[in-house]
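*Asks:*
In this note's numbering, the protein residues as written are 22 to 403.
Here it is, written out as structure tokens:
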């Protein structure tokens, strides 16, 4: 309060009568006009004295500003701990809606404790760069994929294998069970990241710019299929029989529109949210991966939370997961009809042929050499 008063006093003194009169909109009084004329007739010595006085006032005001800085910092800190969340998808995706639910739940349970800032379409960090951003302390929440983590912990490239999970329930059973606990512990120790929860992304299918007959992997030969840039993603695209083409998610729509790529593979809810149906003609229901993302935070940030704050974050993410998973499953159930209504032909290939081709490719690859012994069987038995 004292600082505010002092600053206000100096502000009025330095501004002087001229500023007060201009801001009030009133005409200057006769006395003021006289004073102004006398001011014009000041000697050089008088003018120099006045300039020194103004400079002294400026220095004092600046010093008071420095004294006030800690008070300003405390006010900023009182606004809440900043949680910057980044996603490559648009705000219409279920993953983005889940982030919105996370923010709303935290604001409700601990008003003012957190300042959750949501960034869509890869505007804060491009897809694939989020892990490094979190490790550098520049990001508090990212939806990381198993392939992002596999790049850094090769033994868990097993989670990038096609046809690994049966459905969303099997996915949760694995990540909430012993296998998941071991995985999360490894990520925490090696990458200094806290995996809070797994969210269902959807079952991935092949989406083509132009219609063609696709029954077995050989039918995709020569098709430039967009995949994320990691080695595991590229391998999966090639294992499907296509020519994997790395491209950031936010660039896919234009690439499909111009023919830079021939297709992509994504869950139907993502394809619908991003309006890929506007630039595609066919969806091939390969179902080659039951996919997920991990709601991830830097361990340093997580460890800095109080027990009460951790409890609130976990509760908010549980609510967000329900919004996401329920929404994804509902959209998948309606997805085929929606896509057909928007000009896409939806076809079902020989899924068994794709499954054998993809699994054989992974099991016989260099990736499998890093897999923990017996892990494939443990995942299947979950």
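We put the beta carbon where it would ideally sit given N, CA and C, even for glycine.
Just so we're clear, the structure is a prediction, and the values are computed from it rather than from any experiment.
Shortest alpha-carbon distance to residue 349 belongs to which of 188, 272, 389, 282?
*Replies:* 188
*Asks:* Do you know whose CA, among 131, 130, 142, 132, lies nearest residue 116's CA?
*Replies:* 142
*Asks:* If I measure Cβ to Cβ from residue 308 and keep anything under 7 Å in the same chain, skipping five residues before and after, which residues do I get?
*Replies:* 224, 226, 372
*Asks:* Measuring CB atoms only, is the segment 181 to 195 touching the segment 377 to 388, in the sense that at least three cross pairs come out at less than 8 Å?
*Replies:* yes
*Asks:* Quick check on this structure: which residue in 208, 164, 288 has the alpha carbon closest to the alpha carbon of residue 106?
*Replies:* 164
*Asks:* Would residue 335 be called buried (16 or more neighbouring beta carbons within 10 Å of its own) or exposed?
*Replies:* exposed
*Asks:* From the DSSP output, read off the bridge partner residues of residue 399.
*Replies:* Checking the DSSP bridge columns, you'll see residue 399 has no partner listed.
*Asks:* Run the CB neighbour count on residue 230, radius 10 Å, all protein chains shown included, and call it buried at 16 or more, exposed below.
*Replies:* buried
*Asks:* Just to confirm, is the Cβ distance from residue 319 to residue 214 under 8 Å?
*Replies:* Yes; because the gap between Cβ atoms is below 8 Å, this pair is in contact.
*Asks:* Using the C-alpha atoms, what's the distance from residue 136 back to residue 98?
*Replies:* Confidence is the limiting factor: at residue 98 the pLDDT is only 42, short of 50, which leaves the residue's position unreliable and the question unanswerable from this model.
*Asks:* Count the other CB atoms, across all protein chains shown, that sit within 10 Å of the CB of residue 262; report buried if there are 16 or more and exposed otherwise.
*Replies:* buried
*Asks:* From the DSSP secondary-structure annotation, give me the bridge partner or partners of residue 318.
*Replies:* 215
*Asks:* Does the structure place the segment 151 to 164 close enough to the segment 272 to 292 that three or more beta carbon pairs sit under 8 Å?
*Replies:* no
*Asks:* What residues in its chain sit with their C-beta under 7 Å from that of residue 111, if we drop five residues either side in the sequence?
*Replies:* 117, 141, 142, 294, 295
*Asks:* Distance, Cα to Cα, residue 176 vs residue 210?
*Replies:* 14 Å
*Asks:* How long is the line joining the alpha carbons of residue 162 and residue 216, rounded to whole angstroms?
*Replies:* 10 Å
*Asks:* Could you spell out where the alpha helix (DSSP H) holding residue 248 opens and where it closes?
*Replies:* Element bounds for residue 248: not the alpha helix (DSSP H) but the beta strand (DSSP E), 245 to 248.
*Asks:* Which residues share a DSSP beta bridge with residue 107?
*Replies:* 140, 163
*Asks:* Roughly how far, in whole angstroms, is the beta-carbon of residue 330 from the beta-carbon of residue 134, given that I think they are within contact range, below 8 Å?
*Replies:* Contact holds; Cβ gap of about 7 Å.
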